[in-house]
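**Student:**
2 protein chains.
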Amino acid sequence: MYFIIVYDVGVKRVNKVKKFLRKYLNWIQNSVFEGNLTKSELKEVKQGIKKIINQSHDSIIIYKLRNKKALEKTTIGQEKEKTDNII
Amino acid sequence: MYFIIVYDVGVKRVNKVKKFLRKYLNWIQNSVFEGNLTKSELKEVKQGIKKIINQSHDSIIIYKLRNKKALEKTTIGQEKEKTDNII
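Those protein sequence lines, which keep their order, are chains U and L. Just add 1 to wherever you are in the first sequence, counting from 1, and you've got the working numbering. Just add 1 to wherever you are in the second sequence, counting from 1, and you've got the working numbering.
#1: Using three-state DSSP, classify Ile89(L) as helix, strand or coil.
#2: Assuming Lys81(L) contacts Gln48(L) under a Cβ cut-off of 8 Å, what Cβ separation, rounded to an integer in Å, is found between them?
#3: Please classify Leu26(U): does DSSP put it in a helix, a strand, or coil?
#4: With DSSP as the reference, label Gly36(L) as helix, strand or coil.
#5: Could you name the residues of chain L that Glu80(U) contacts, counting a contact when the two beta carbons are closer than 8 Å?
#6: Closest by CA to Lys24(L), which one among Ile50(L), Lys69(L), Asn68(L) and Gly78(L)?
#7: Assuming Gly78(L) is part of the beta strand (DSSP E), what are its boundary residues?
#8: Of all Cβ atoms in chain U, is any one closer than 7 Å to the Cβ of Tyr25(L)?
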């Protein structure tokens, strides 16, 4: 299954969420990750996120798609994931 | 067609992008919009965004899906679009 995860979290928690999600998915741009997850990885991601965020302030959205082909992606401006991998 | 638009733009341009996209789509959380667009609306959105952003710094990603059913959405924490509509 293919996933897009977006998050809107408190400044103090942004890096923690980013560092955690990097273990499972590809960083695309600030607050956006993409990639494939197995059922067990998805469970780990959900559990891990719940430990990091403040659920009464923060918001994480997990979009699940049958596969990457269900998605057409257009970027306007910079493709930040490319520059990020160089740094 | 159903769309998710995410953006990572300079602080000076965030509100302009948000204000512009609000005319076409639903604000979901910071830097995330969703909704249906016709072909001509999509063209307007792309053209409008190109006028607002700095393409050598900013990044806008447009995810296109055949329809909303192709997408399963889970929110952890706050559903910000609900609180936003009240304000």
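Built from N, CA and C at the ideal position, the CB exists for glycine as well.
**Tutor:** Taking the coordinates as given:
#1: Since the displayed chain L opens at 2 and closes at 88, residue 89(L) lies outside it and no answer follows.
#2: Contact doesn't hold; Cβ gap of about 28 Å is too wide.
#3: coil
#4: strand
#5: Within chain L, the residues near Glu80(U) are Ser60.
#6: Ile50(L)
#7: Leu72 to Gly78
#8: no
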